[in-house]
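Colleague: Starting off with a structure, shown below.
In the working numbering, the protein residues as written are 721 to 1013.
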């Protein structure tokens, strides 16, 4: 299929899809001035880089995009090139106009979408809280884009339903990746430090692996793998080490009993605290306190 840019109201292919503002498969072989000025989106815009390197400003932040990267922006966010022109390369994009979308996260896609109301609200929240609108290495979107293109131009039986479902799939794929990206990319150590701070501030809580994973937006399996890779411990053993390190600090306080310290650091009894403490330090809490007097 040759390159194209379809505009709502001008392209017959979009006549049955009023919520699609633009759909494009565009190859840039020569830089054209004023071809990509920075401007505010008209809807939710999903753009996939097929080939080349693009230097863009998105919502006031500079980004470099490479093949299989995707930009995902909201109607009130601006995007474009600081040079005012597309770089040489190839990309596909679609701009979707929801029935309702507010900056507080309230999202209603429209009757065309089969995504549940509950999931639409979650998608809206994720999009509005997003501070990093570039999704890295999201190759799965390319096949979805190509399938949408095929359906729009072939107009085979059921193509209208198929296009609607594919755009749902594209949006879900992008937002799922977005919700996980902060914790899967190179800055996971910073996320890990924020998690540790939260745990230390709430050690008396009986944390489960599911709750800890939820704090950083990961499933339990991915979370356990990340914690193991970063700390060398399973999540629960990592938590126990935090509990013990905080207990060591509290043992210097003579106004706290061993039972107080045990409960404050999340152990269900002083006996459990004592046995765990000795296993990790070689001393009981009482012995440790005496030796540090």
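Don't be surprised by glycine CBs; every beta carbon is placed ideally from N, CA and C.
Less than 8 Å separating the beta-carbons of residue 766 and residue 814?
Modeller: Closer than 8 Å, so yes.
Colleague: Need the endpoints of the beta strand (DSSP E) that residue 771 sits in, please.
Modeller: Under the DSSP assignment, residue 771 falls in the beta strand (DSSP E) whose first and last residues are 764-772.
Colleague: Hey, quick one: how far does the beta strand (DSSP E) through residue 931 stretch, first residue to last?
Modeller: In this chain, residue 931 is not harboured by any beta strand (DSSP E); it is covered by the alpha helix (DSSP H) spanning 929-935.
Colleague: Considering only residues of the same chain and omitting the five flanking positions on each side of residue 1014, which have a CB-CB separation below 7 Å?
Modeller: There is no way to answer for residue 1014, as the model of the chain reaches only from 721 to 1013.
Colleague: Assign residue 714 to one of three DSSP states: helix, strand, or coil.
Modeller: For the chain, the structure presents residues 721 to 1013; residue 714 sits outside this window and is missing.
Colleague: Can you tell me which of the three DSSP states residue 742 falls into?
Modeller: strand
Colleague: If contact is defined by three or more beta carbon pairs under 8 Å, each pair taking one atom from either stretch, is the segment 986-996 in contact with the segment 955-972?
Modeller: yes
Colleague: Would you tell me roughly how many angstroms separate the C-alpha atoms of residue 795 and residue 826, rounded to the nearest one?
Modeller: A straight-line Cα-Cα distance of about 13 Å links residue 795 and residue 826.
Colleague: For residue 995, which of helix, strand or coil comes out of DSSP?
Modeller: helix
Colleague: Who are the Cβ neighbours of residue 760 in its own chain at under 6 Å, not counting the five residues just before and after it?
Modeller: 798
Colleague: What does the Cβ neighbour count give for residue 920, buried or exposed, with the cut at 16 atoms within 10 Å?
Modeller: Looking at its Cβ environment, which holds fewer than 16 other Cβ atoms inside 10 Å, residue 920 is exposed.
Colleague: Just checking, does the segment 1001-1008 make contact with the segment 933-948 on the three C-beta pairs under 8 Å criterion?
Modeller: no
Colleague: Thinking C-alpha only, which one of 951, 913, 960 is nearest residue 925?
Modeller: 960
Colleague: Around the C-beta of residue 1009, are 16 or more other C-beta atoms found within 10 angstroms, so that it is buried, or is it exposed?
Modeller: buried
Colleague: Mind checking which residues open and close the alpha helix (DSSP H) that includes residue 865?
Modeller: 860-874
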